[in-house]
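K.L.:
Residue numbers (the numbering used here): 12 to 140.
We put the beta carbon where it would ideally sit given N, CA and C, even for glycine.
#1: Name the two residues that bound the continuous alpha helix (DSSP H) containing residue 126.
#2: Would you mind giving the Cβ-Cβ distance between residue 93 and residue 115, rounded to the nearest angstrom? I have them listed as a contact below 8 Å.
#3: Could you give the uninterrupted runs of the beta strand (DSSP E) lying entirely in the stretch 15–92, keeping only those of 3 residues or more?
#4: Leaving out the 5 sequence neighbours to the left and right, which residues in its chain are closer than 6 Å to residue 96 when beta-carbon positions are compared?
#5: For residue 7, I'd like the list of residues in its chain whose CB is within less than 7 Å of its CB, leaving aside the five on either flank, ordered along the chain.
#6: Taking 6 Å as the limit between beta carbons, can you name the residues of its chain near residue 79, skipping five residues before and five after?
#7: Our contact map puts residue 57 next to residue 28 with C-beta atoms below 8 Å; I'd like the distance itself, whole angstroms only.
#8: Measure the C-alpha to C-alpha separation of residue 76 and residue 109 and round it to an integer number of angstroms.
#9: Looking only at its chain, what residues have a beta carbon closer than 6 Å to the beta carbon of residue 30, apart from the 5 residues adjacent to it on each side?
#10: Assign residue 112 to one of two classes, buried (16 or more other C-beta atoms within 10 Å of its C-beta) or exposed (fewer than that).
#11: Assuming residue 99 contacts residue 121 under a Cβ cut-off of 8 Å, what Cβ separation, rounded to an integer in Å, is found between them?
#12: Quick check: what's the CA-CA separation for residue 25 versus residue 49?
#13: So what does DSSP say about residue 105, is it helix, strand or coil?
Below, the structure written as structure tokens:
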């Protein structure tokens with residue numbers, strides 16, 4: 012899905028058990044993450060987690076951690092700004108294929124591993140109309 016909150020208002024979270032909110036170390040991104048978390052909670056999504064993305068420095072990470080802590084949003088992983096990602100994009104390749112040893116790839120694998128290992132709530136039974 013595309014970035015932003017508009018698609019969240021279209022019922023796309025009805026069957027979601029986790030809302031993964033990607034946040035970058037920029038004011039607008041942080042504010043959007045807060046709005047998305049609020050919307051996700053309002054829609055009853057059982058788990059909301061953040062992924063800090065394009066982190067270049069300890070200051071970037073600290074800003075994201077502080078904002079997420081203030082909004083009760085746990086951080087699942089920190090993905091560094093990685094030149095290999097930009098190069099893969101320029102070549103039209105997946106960074107997982109073009110640079111499997113890249114730092115960003117390791118962080119993305121961590122996200123996937125943690126999501127797959129997370130306990131999931133039992134699906135809600137649907138009543139036939």
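P.N.:
Per the coordinate set shown:
#1: Membership of residue 126 in the alpha helix (DSSP H) is indicated by the continuous run 114–128.
#2: Right, their Cβ atoms sit about 4 Å apart.
#3: The qualifying runs are 29–34, 58–66 and 86–91.
#4: Closer than 6 Å at Cβ, skipping near neighbours: 106 and 115.
#5: The structure shown does not extend to residue 7, since the chain is modelled only from 12 through 140, so no value can be given for it.
#6: Hits under 6 Å: 61 and 86.
#7: Going by Cβ atoms, the distance from residue 57 to residue 28 rounds to 5 Å, so yes, they are a contact pair.
#8: Near 30 Å, if we compare the C-alpha coordinates of residue 109 and residue 76.
#9: So the list reads 51, 56 and 59, once near-sequence residues are dropped.
#10: Under a 10 Å Cβ-count criterion, residue 112 is classified as exposed, with fewer than 16 other Cβ atoms of the shown protein chains found around its own Cβ.
#11: Not quite, the Cβ-Cβ distance comes to about 18 Å (not below 8 Å), so this is no contact.
#12: Approximately 15 Å between the Cα atoms of the pair.
#13: In the three-state reduction of the DSSP assignment, residue 105 falls in the coil class.
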